[in-house]
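**Q**
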Amino acid sequence: MVRTIMGAVGLCVAAVAALVVVQRLAPAAENGKPGPTYMDSQRVLDNFDKKNANPLIPGDAYNVQTNKRTANGNIEIHEKETDIFYIMDGSATIIVGGTPVEPRQTRPGQMTAKDIQDGQSYNLKKGDVLVIPAGTPHWFKQVNGSINYLTVKSIKP
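Start counting the sequence shown at 3; every next residue gets the next number (our numbering).
1. Please name the residue, chosen from Gly121, Ser148, Pro60, that lies closest to Met38 on a Cα-to-Cα basis.
2. Drop a sphere of 10 angstroms on the beta-carbon of Leu47, count the other beta-carbons inside from all chains shown, and report buried for 16 or more, exposed for fewer.
3. Count the other CB atoms within 10 Å of the CB of Gln67; is the residue buried (16 or more) or exposed (fewer)?
4. State buried or exposed for Asp42, treating a residue as buried only when at least 16 other CB atoms are found within 10 Å of its CB.
5. Could you compute how far the alpha carbon of Val133 sits from the alpha carbon of Pro105?
6. Is DSSP giving Leu58 helix, strand or coil here?
7. Whose C-alpha, out of Phe50, Met113, Ile157, Gly129, is nearest the C-alpha of Asn76?
8. Measure the beta-carbon distance from Gly137 to Gln122 and round it to whole angstroms, keeping in mind my assumption that it falls under 8 Å.
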């Protein structure tokens with residue numbers, strides 16, 4: 003049941019992400035609000051191979067990123083950013099939640115830590131969705147070869 007719900011959530015997130023990732027800086031709507039953003043699938047896929055840290059689609063309230071990992075990561079804690087991961091390809095083990103050990107600020111709103119105690123382990127694979135609320139420690143502990151994932155960041159003011 004949970005797997006079915008998560009599969010449905012994954013498809014919904016992928017559909018929403020596809021809609022968000024669908025138009026690149028369209029002209030503003032007549033009422034002065036920003037228009038939709040479109041980006042075709044090939045451009046999104048090509049972006050996984052780029053080695054830049056810039057969002058695919060930047061924004062103040064959200065941004066969309068393509069991420070490719072070929073190695074384990076550092077522990078991250080984002081004060082105002084909720085991460086929504088949609089796994090496109092590959093697999094990895096991520097630790098989420100728990101208590102960060104010796105957290106330290108790396109820049110405003112961002113922290114790292116030496117370890118996580120009592121976190122939940124998830125084995126991510128193609129099609130999975132993981133939502134990590136703002137303020138929650140997370141760590142790609144083991145990347146199995148490589149993993150490509152789309153990240154939608156919801157940013158609190």
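Ideal Cβ positions, reconstructed from N, Cα and C, are used throughout, including at glycine. Since the structure is predicted, the reported quantities are computational estimates derived from the model, not experimental observations.
**A** Per the coordinate set shown:
1. The question names Met, yet the displayed sequence has Pro at residue 38. That would be Pro60, whose Cα lies nearest to the Cα of Pro38.
2. exposed
3. buried
4. exposed
5. 21 Å
6. coil
7. Met113
8. 15 Å between Cβ atoms; not a contact.
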